[in-house]
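Protein chains in written order, with full-length UniProt numbering: chain A, 1 to 152; chain B, 1 to 293. Data first, discussion second: the structure below is written as structure tokens.
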Amino acid sequence: MSLYDEQLTRGAGARGSEAPGASTYEVVTEEDLLTIRHAVRSATVEAGFGLVDQTRIVTAASELARNAYIHGGGGSLTVELVRDGARTGLRLTMRDEGPGIPDLEAALTDGYTTGAGLGHGLGGARRLMHEFAVDSDAGEGTTVVATRWNGR
Amino acid sequence: MSTSETTVRERLLDALREREQEIADRWVRLQLEQSNPGGDLGEHELREEADLLIAALGAGLASDVPVQRLVASQHELRRTVIELSLRRARAGATPTATSLAVLSLKEALLEAVQHTTRDASELFRAAVLVNRLLDAAGALSFETYVEGREEIIQRQSRQLMELSTPVVRLWHDVLAVPLIGTLDTARTQVVMENLLQAIQDNEAKVAIIDITGVPAVDTAVAQHLMHTVNAVRLMGADCVISGIRPPIAQTIAQLGIDLSTILTRSTLADALAAAVRLTDQSSAPTPYAPAGP
Chain A
1 MSLYDEQLTR
11 GAGARGSEAP
21 GASTYEVVTE
31 EDLLTIRHAV
41 RSATVEAGFG
51 LVDQTRIVTA
61 ASELARNAYI
71 HGGGGSLTVE
81 LVRDGARTGL
91 RLTMRDEGPG
101 IPDLEAALTD
111 GYTTGAGLGH
121 GLGGARRLMH
131 EFAVDSDAGE
141 GTTVVATRWN
151 GR
Chain B
1 MSTSETTVRE
11 RLLDALRERE
21 QEIADRWVRL
31 QLEQSNPGGD
41 LGEHELREEA
51 DLLIAALGAG
61 LASDVPVQRL
71 VASQHELRRT
81 VIELSLRRAR
91 AGATPTATSL
101 AVLSLKEALL
111 EAVQHTTRDA
121 SELFRAAVLV
131 NRLLDAAGAL
141 SFETYVEGRE
151 EIIQRQSRQL
161 MELSTPVVRL
171 WHDVLAVPLI
181 GTLDTARTQV
191 VMENLLQAIQ
201 DNEAKVAIID
211 ITGVPAVDTA
221 VAQHLMHTVN
231 AVRLMGADCV
241 ISGIRPPIAQ
251 TIAQLGIDLS
261 TILTRSTLAD
271 ALAAAVRLTD
281 QSSAPTPYAP
291 AGP
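See the structure below:
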């Protein structure tokens, strides 16, 4: 099966890819979170991550997608395989067009929540990944890019 | 309704009435040429369907409802198309085959019209009319099929939710809920209701929630678990969470979720041992209680 076919058949939420090895999944309903966990799980397996890293990345993806679903009114998650020299990694890019995060410093602090959650989602996701960047302006939506490298 | 449409409509109705048998035969033959048209439906059943649908089309055309809305608003016709689609869906036909079967009636109808007129512009108008009429029928048939499937899926997911959260009695006064799959808000609600009811019914003292089958625990899942534990405690019972595998333990710790107030064990066996100790303590004898018989 060619890479192209593989992406076409990779699940209902998958869209045409931006780059080879990237797939995008929409987050509109709570069920989409399930689709995303499954998709990210299989992407981590393909990328050769061990069981603990698989769980970390799936959990981080779940946190980011849930944030976008609850606070951002839905969005889209791009999962892509990235290479840097000899090492490979998986990059998650979560975009939403919600109200944005007014106080990013606070949002990354454990226990801080504007909803009914525990307030560990964003900060926890940052600890689960190696690279983590949030781009958010009030009214402009939020983009979170998180990467975890294999074997580091 | 414009006069030309009325004329064409009358023409079509005449053709339909005069050549009823012929159209039905032709349609059945056209369907049989397609591969597996009506699932397991035989020629005899196809013929019955054809007679019903053609009669309904005739009744529809004889009314004064505009053609575009005929299938949607003419009760008899709408019902016939819906029943036909449902029967085929149950017989295992694909939605494509079902709507193609409905659409192939166009060909049979137009052939019949061709016998009544040779006028090119009239034939063209008849073709437009037949298209409008049967495209709506094809779309309705597809929609019915999808709705039927949707309903089955929803029913199954409700059943699955019930099925996948059994509360079992493991020991005297000890209940267990083995959780498998994902733990969302709806699922938590079902688990909590079943568990609390079972605690009351069995007068249980300890409830074990086993998460061996939960693939990932994120903050939302952890929060759901904590809510459940709190509710169990409110009922005067203790709660043990078991089945915390090494990757889950590391992830929970890294997320920064504090589960230290909850009794946790890595395996169900450990949890059962802990639960039995807890029940022994709580039923441990009160030295001054009167001895039983």
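We put the beta carbon where it would ideally sit given N, CA and C, even for glycine.
Under a Cβ-count criterion, where at least 16 other Cβ atoms within 10 Å of its own Cβ denotes burial, should A/Phe132 be classed as buried or exposed? Taking the first sequence and counting its residues from 1, the one referred to as residue 132 of chain A is at position 132. Classification for A/Phe132: buried.
May I ask you to report which of helix, strand or coil DSSP gives B/Ile257? Within the second sequence, numbered from 1, the residue matching residue 257 of chain B stands at position 257. In the three-state DSSP reduction, B/Ile257 falls in the coil class, being neither helix nor strand.
Return the first residue and the last residue of the beta strand (DSSP E) that residue 351 of chain B is part of. Missing from the structure shown is residue 351 of chain B; chain B here goes from 1 to 293 and no further.
Check distances from the C-beta atoms of the segment 243-256 of chain B to those of chain A and list, in chain order, the residues that come in under 8 Å. Pro246, Pro247, Ile248, Gln250, Thr251, Gln254, Leu255 and Gly256
Count the other C-beta atoms from every protein chain shown that fall within 10 angstroms of the C-beta of B/Phe124, then say buried if there are 16 or more, exposed otherwise. In the second sequence, residue 124 of chain B corresponds to position 124, counting from 1. Answer is exposed; the Cβ neighbour count stays below 16.
Which residues in the same chain have their Cβ closer than 7 Å to the Cβ of B/Ser99, if we skip the five residues on either side of it in sequence? One-based indexing of the second sequence puts residue 99 of chain B at position 99. Sequence-distant partners of B/Ser99 (beyond 5 residues in either direction) whose C-beta falls short of 7 Å from its own C-beta, in its chain, are Gly138, Ser141 and Phe142.
For B/Ile180, which residues does DSSP report across the bridge? Stepping through the second sequence from its first residue, residue 180 of chain B is reached at position 180. Looking at the DSSP assignment, B/Ile180 forms a beta bridge with B/Gly213.
Kindly indicate which three-state DSSP category A/Tyr25 falls into: helix, strand or coil? Here residue 25 of chain A corresponds to residue number 25 of the first sequence, with the count starting at 1. In this structure, A/Tyr25 counts as strand in the three-state DSSP scheme.
Is the segment 227-234 of chain B close to the segment 180-200 of chain B, with three or more CB pairs under 8 Å? Yes, the segment 227-234 of chain B touches the segment 180-200 of chain B.
Tell me whether B/Val8 sits in a helix, a strand or coil according to DSSP, three-state version. Within the second sequence, numbered from 1, the residue matching residue 8 of chain B stands at position 8. Three-state result, B/Val8: helix.
Would B/Gln156 count as contacting chain A if we go by Cβ distances under 8 Å? Residue numbering aside, residue 156 of chain B sits at position 156 when the second sequence is read from its first letter. B/Gln156 does not count as touching chain A.
Contact with chain A by B/Ala289, beta-carbon distance below 8 Å: Translated into positions along the second sequence, residue 289 of chain B becomes position 289. Note on B/Ala289: pLDDT 48, under 50, position unreliable in the model; the coordinate value appears next. False, the Cβ-Cβ gap to chain A never drops below 8 Å.
Helix, strand or coil: which one does DSSP assign to A/Ala133? The residue given as residue 133 of chain A occupies position 133 in the first sequence. Strand, per DSSP.
Taking buried to mean at least 16 other C-beta atoms within 10 Å of its own C-beta, is B/Val206 buried or exposed? The sequence position of residue 206 of chain B within the second sequence is 206, counting from 1. B/Val206 is buried by the Cβ-count criterion.
Cβ separation of A/Thr88 and A/Ala125, assumed to be a contact under 8 Å, to the nearest whole Å: As a first step, residue 88 of chain A is located in the first sequence; it is residue number 88 there, counting from the start. As a first step, residue 125 of chain A is located in the first sequence; it is residue number 125 there, counting from the start. At roughly 20 Å, the Cβ-Cβ gap does not stay under 8 Å, so A/Thr88 and A/Ala125 are not in contact.
Assign B/Glu18 to one of three DSSP states: helix, strand, or coil. On the second sequence, residue 18 of chain B is found 18 positions in, with the first residue counted as 1. Three-state result, B/Glu18: helix.
Does any residue of chain A bring its CB to less than 8 Å from the CB of B/Gln200? Walking along the second sequence from the start, residue 200 of chain B turns up at place 200. No, its Cβ sits nowhere closer than 8 Å to a Cβ of chain A.
Taking the alpha carbon of A/Arg127 as the reference point, which residue from B/Gln254, B/Leu16 and B/Ser260 has its own alpha carbon closest? If you number the first sequence from 1, residue 127 of chain A lands on position 127. Its Cα nearest to that of A/Arg127, the residue B/Gln254 stands out among B/Gln254, B/Leu16 and B/Ser260.
Taking Cβ-Cβ distances shorter than 7 Å, what residues in chain B pair up with A/Val58? Taking the first sequence and counting its residues from 1, the one referred to as residue 58 of chain A is at position 58. Per Cβ cutoff of 7 Å: Ala216.
Apart from the five residues just before and just after A/Ala68, which ones in its own chain have a Cβ nearer than 6 Å to its Cβ? Within the first sequence, residue 68 of chain A is the residue found at index 68, counting from 1. Counting only Cβ-Cβ distances below 6 Å, and skipping sequence neighbours, we find Val27, Gly75, Met94 and Asp96.
Out of curiosity, what's the CA-to-CA distance linking B/Ala50 and A/Thr29? Residue 50 of chain B sits at position 50 when you count from the first residue of the second sequence. Residue 29 of chain A sits at position 29 when you count from the first residue of the first sequence. Roughly 42 Å between the two C-alpha positions.
Inter-residue spacing [alpha-carbon to alpha-carbon] between A/Ser122 and B/Leu86: Locating residue 122 of chain A in the first sequence gives position 122, where the first residue counts as 1. Locating residue 86 of chain B in the second sequence gives position 86, where the first residue counts as 1. Sequence check: residue 122 of chain A is Leu here, not Ser. Cα-Cα distance, rounded: 48 Å.
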